Amino acid sequence: MPSTNSISFHHTRRSPATSAAPPLRSLTLRLVTFVTDTPTPAIALAVRHTRARVLVVAPPSQRGTVTRMGAEWYNMTAAAHASARWAARYRHMSTNSPAYERFCLQRWLMLRDAVRTLALPADSAIACLDSDILLFRDPARWLADLVAFAPAAAPLPQLAVVIEGAFVIHSLRTLGDFARYLEWLYEQPVAALAAEIAQHSQTRPLNSVHREARHALSGSLLREFNRSAPHTFQQWSDMPAMAAFCATNAAKRSNAGLVGAHCTRAWHVGIAGDSETQAWRPNCTVHALADGGGRGFLQVLMSAERERDPDRSREGSKDAPAPLGSGTPAQRWAAAWRWRAGAPLAPPQNRTLAARGCRYRAVCLAHLQGAGLKAMIGPLAARALQDTLSEPRRVAVT
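Following the numbering used here from start to finish, the sequence shown increments by one per residue and tops out at 1560.
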């Protein structure tokens, strides 16, 4: 998630659109975005591995840092001014701090206003990344994969969640519509806001929250939740809000002038199903965890490929995927990490791919988890960038 930033804002209402958002398959990825008050070399890494423009919404004090990394800068203060009334109406319902969670929601309004200044073509797709993502693959490749693997019988997806809370692919239209949904949501009376949150979030026991965090929860929302489920609260953030936006029904759209979207989640081996075809495609669908040395862990998306002789992979020592010790810069960077034992599909414990004659090919993306590891993103990204710069400029994973 992005880091917090405390600024005061004002609100400008815009009329909702009425036409449907374009499907992902009709879009071209033209922009990669970050919203952060502390830009790190992770941005330079993204610049290195995408052909799209990279936009960073950051404070004025960070303008030089952003431009030196090769990205475009937009003034966070200016982008935030459109949402003053929204910030005043925000009601907190999360174990995270109010400033943090408010920013995680408000960033979508800031990003919408920043992107509007770029005059992008109407068929543009936007990869929205958290500032703790280390990117080794052009997001345009994910867009191509999502289009290729969209279920034939389902509605054409208009928005894609690659990693919940960290990597989302929007169109210009769905970005604007989601921001409008957030504006609408916090314009509702408390009872209506509570009903929307309860429908799309996870119920938790109130006594599981430590005292300081409990005191920060909205009292009016808690009273509404406890009418039907005493001693509980609902964990709410921007990702449940995005799921609610995707589930926006026809009646709500008509009554409130809202437009929802057909959304899809990226397919990951071991998370959302199984497929012998996808398991060996080099499309970054293998999910693994790497140990962060007590500071947290890395959530990693990797690619896999099929061995030339699948049967031999079942013999003795060949029953495990090939080690990530050489090859692409991302492979060299990942070789130093300890893969978490027992984690789903974490090398070298996973034998599912090996049994099908597959091996790991490259790291596509790493998402830092845990406060200690997030605090190290600067040196980690700098090391990854240094490894990348040792080779000619190219997109590392196709």
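Just so it is clear, CB atoms sit at the ideal spot from N, CA and C, and this is done for glycine as well.
Keep in mind the model is a prediction, meaning the values are calculated, not measured.
Select from T1198, R1303, R1253 the residue whose C-alpha is nearest the C-alpha of S1399. Sequence index remark: in the sequence shown, residue 1399 carries index 237 (1-based). Among T1198, R1303, R1253, the Cα nearest to that of S1399 is on R1253.
Looking at the unbroken alpha helix (DSSP H) that takes in H1377, where does it start and where does it end? Position 215 of the sequence shown, counted from the first residue, corresponds to residue 1377. Here the alpha helix (DSSP H) through H1377 covers 1373 to 1378.
Following the continuous beta strand (DSSP E) through W1235, name the residue where it begins and the one where it ends. The sequence position of residue 1235 within the sequence shown is 73, counting from 1. Counting along the chain, W1235 sits inside the beta strand (DSSP E) bounded by residues 1234 to 1237.
Can you grab the Cα-Cα spacing for the pair R1376 / P1185, in whole Å? Position 214 of the sequence shown, counted from the first residue, corresponds to residue 1376. Position 23 of the sequence shown, counted from the first residue, corresponds to residue 1185. In this structure, the CA atom of R1376 is about 41 Å from the CA atom of P1185.
C-beta atoms of A1328 and L1547 nearer than 7 Å: The residue labelled residue 1328 in the question sits at position 166 within the sequence shown. The residue labelled residue 1547 in the question sits at position 385 within the sequence shown. For A1328 and L1547, no; Cβs fall outside 7 Å.
For L1280, collect the residues of the same chain with a Cβ closer than 6 Å to its Cβ; drop the 5 residues on either side in sequence, then sort them by chain order. Your numbering for residue 1280 matches position 118 in the sequence shown. Contacts found: none.
Within the chosen definition, does the segment 1251 to 1265 reach the segment 1207 to 1221 through at least 3 CB pairs nearer than 8 Å? No, the segment 1251 to 1265 does not touch the segment 1207 to 1221.
What number of angstroms, rounded off, separates the C-alpha of F1298 from the C-alpha of L1463? For the purposes of this step, residue 1298 is identified with residue 136 of the sequence shown, where counting begins at 1. For the purposes of this step, residue 1463 is identified with residue 301 of the sequence shown, where counting begins at 1. So the two alpha carbons sit approximately 10 Å from each other.
Close-in-space but distant-in-sequence residues of the same chain around P1283 (CB under 6 Å, 5 per side omitted): Here residue 1283 refers to the residue found at position 121 when the sequence shown is read from its first residue. So the list is empty, once near-sequence residues are dropped.
Quick one: what's F1395 bridged to in DSSP? On the sequence shown, residue 1395 is found 233 positions in, with the first residue counted as 1. Paired residue(s): R1366.
Which residues in the same chain have their Cβ closer than 6 Å to the Cβ of A1405, if we skip the five residues on either side of it in sequence? As a first step, residue 1405 is located in the sequence shown; it is residue number 243 there, counting from the start. Within the same chain, A1405 has close Cβ partners H1362.
Run through DSSP, which three-state label would T1195 get? For the purposes of this step, residue 1195 is identified with residue 33 of the sequence shown, where counting begins at 1. Strand at T1195.
If you pair each beta-carbon of the segment 1383 to 1392 with each one of the segment 1232 to 1246, do three or more pairs fall below 8 Å? The segment 1383 to 1392 vs the segment 1232 to 1246: no contact.
Would S1256 and Q1397 qualify as a contact pair, given that the criterion is a beta-carbon distance under 7 Å? As a working mapping, residue 1256 is identified with position 94 in the sequence shown. As a working mapping, residue 1397 is identified with position 235 in the sequence shown. Against a cut-off of 7 Å, the Cβ pair of Q1397 and S1256 comes out as a contact.
Just to confirm my understanding: we take C1526, look at its own chain, exclude 5 residues before and 5 after, and list those with CB closer than 7 Å. What are they? Your numbering for residue 1526 matches position 364 in the sequence shown. Answer for C1526: F1298, R1299, C1446, L1463, M1464, S1465, V1559, listed in chain order.
According to DSSP, simplified to helix, strand and coil, what is C1526? As a working mapping, residue 1526 is identified with position 364 in the sequence shown. The answer is strand: DSSP assigns C1526 an E or B state.
List in chain order: all unbroken beta strand (DSSP E) runs of 3+ residues lying wholly within the segment 1289 to 1330. For secondary structure counted as the beta strand (DSSP E) over 3 or more consecutive residues, the segment 1289 to 1330 holds these complete runs in sequence order: 1295 to 1297, 1321 to 1325.
Please report the straight-line C-alpha distance between L1535 and R1457, rounded to a whole angstrom. Residue 1535 sits at position 373 when you count from the first residue of the sequence shown. Residue 1457 sits at position 295 when you count from the first residue of the sequence shown. So the alpha carbons of these two residues sit roughly 5 Å apart.
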